[in-house]
Structure formats: C-alpha cells, structure tokens
Amino acid sequence: MTKAMLPSNMNSLKYMKAEDLYKCIKNNHKTVYNLKAYSLYDATSTIDIEKDEPIYVIDVRGSDFIGGHIKGCINIPYKDLRTMNTETGNYDNIDDFINKYLKDKTNVNVLFHCAMSQQRGPSAALLISRLLQEPKYKDFIEKSNVNIMVLYKGFINWQQEYGNDSEVTEDYNKYIWG
Numbered sequence: 001m002t003k004a005m006l007p008s009n010m011n012s013l014k015y016m017k018a019e020d021l022y023k024c025i026k027n028n029h030k031t032v033y034n035l036k037a038y039s040l041y042d043a044t045s046t047i048d049i050e051k052d053e054p055i056y057v058i059d060v061r062g063s064d065f066i067g068g069h070i071k072g073c074i075n076i077p078y079k080d081l082r083t084m085n086t087e088t089g090n091y092d093n094i095d096d097f098i099n100k101y102l103k104d105k106t107n108v109n110v111l112f113h114c115a116m117s118q119q120r121g122p123s124a125a126l127l128i129s130r131l132l133q134e135p136k137y138k139d140f141i142e143k144s145n146v147n148i149m150v151l152y153k154g155f156i157n158w159q160q161e162y163g164n165d166s167e168v169t170e171d172y173n174k175y176i177w178g
C-alpha cells in the first residue's frame, strides 16, 4: 500500500469506482489486486492499495437509507456522525467508530458514501480525516496506514449498476430507487 496521506480538503479526497468496490465485496470486503483510488482533480494522484486489505464501507445516508444499501456497510447518518458531545467536546460517534473498526489495525481502507457522494459522503470523509490528525490519534496514525476514500457517484450510481445483485446489495427496492 502506498503510504496514505490523510485528505485535508475536498481537492485531496480520493475516490473509488463502483466496479472496484463491487470486486472488493465479492472478495469478502477485502481489496483486490491492483486497486487504485483516484483524485477527481489531479489525474496523476492515486493511492495504490494492496490485495486483501480490509475495506469498510460507511453509508452516511439518513432517511434516504431506506430501500437498499451496499452489503456489509456500516450506516452512520451524517447528522449523527457530526454531532459533538457538548460536555466533552468530542465526536463520540466518530471516536466509537475509530475504536471499533480502525484501532489496532494497519493498512485499513475506509470508503464513505451518501446518495450521490457530492456533499455528505465527502464531508464525512474529511471530518474523520481531520479528527485522525488530532494529537490523541498520533500514535495510531504513525503505526497505521489508513486510506480515506469516497465512492464515486454514490449509492445512486451503485444501485443503477448493482441494485439487483443481492450478493452485493441488501434490502434493495427498485420502486424507491428506480
């Protein structure tokens, strides 16, 4: 895996294509060989991802989660993700996610998406990335390699391509999305 740099703004986000995620899910939520994440703004900027690294798909849709989702995804609505605990100043939902899925792992890939991956998905990816750059996660980031990515064109594109494939899409309702 290319040593990833955590994105710090929208232009530095990397995107994964639906067809690549499809292959990863078919590979038991592990990356497939020769996988790359791409920048929308710099064609020469990619992340090389090695084979068989875990990939976590984070669906940040809220009420629009109904009618189908990517198999094995973790649904954390964006409004819940960005809620700060006013007493502690922490983002408890993000801390819980990091501690449950990322801590004590190396070479981890996290893919965010919403309906179209234009606002909530990229914003969630940046929020997590920025929090991972805080001092409390310094040791974790130094020993781990975490790729933060966004699903290109989001769930709307995904369901058009793979909505009817029950091996990769769960609870799909074509009448909602069709």
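In full-length UniProt numbering, the protein residues as written are 1 to 178.
Note that the Cβ used here is the ideal one computed from N, Cα and C, for glycine as well.
C-beta atoms of residue i and residue j nearer than 8 Å
{"i": "I98", "j": "S129", "result": "no"}
{"i": "Y33", "j": "K51", "result": "yes"}
{"i": "V146", "j": "K71", "result": "no"}
{"i": "Y56", "j": "V110", "result": "yes"}
{"i": "L127", "j": "P7", "result": "no"}
{"i": "K30", "j": "D48", "result": "no"}
{"i": "P77", "j": "G62", "result": "yes"}
{"i": "D59", "j": "N75", "result": "yes"}
Residue burial classification, residue i (beta-carbon count within 10 angstroms, cutoff 16)
{"i": "N173", "result": "exposed"}
{"i": "S117", "result": "buried"}
{"i": "A43", "result": "exposed"}
{"i": "N100", "result": "In the sequence under discussion, the amino acid at residue 100 is Lys, which differs from the Asn named in the question. Classification of K100: exposed, given that the 10 Å Cβ count is below 16."}
{"i": "G178", "result": "exposed"}
Three-state secondary structure (DSSP) of residue i
{"i": "L151", "result": "strand"}
{"i": "S129", "result": "helix"}
{"i": "Y15", "result": "strand"}
{"i": "E142", "result": "helix"}
{"i": "P54", "result": "strand"}
{"i": "D171", "result": "coil"}
{"i": "residue 239", "result": "No answer is possible for residue 239: the residues shown for the chain start at 1 and end at 178."}
{"i": "N109", "result": "strand"}
{"i": "S123", "result": "helix"}
{"i": "I76", "result": "coil"}
Which listed residue (the options) has its alpha carbon closest to that of residue i
{"i": "L102", "options": "E53, G67, K26, N157", "result": "E53"}
{"i": "S39", "options": "L151, K30, K138", "result": "L151"}
{"i": "D92", "options": "N27, G72, L131, P7", "result": "L131"}
{"i": "C114", "options": "A37, T83, K79, N85", "result": "K79"}
{"i": "I25", "options": "D171, E134, S166, G178", "result": "S166"}
{"i": "W158", "options": "T46, K14, H69", "result": "H69"}
{"i": "G121", "options": "F65, E134, N28, N27", "result": "F65"}
Paired residues, beta bridge with residue i - DSSP
{"i": "S45", "result": "DSSP lists no partner for S45."}
{"i": "Y137", "result": "Paired residues: none, contrary to the question."}
{"i": "A37", "result": "I47"}
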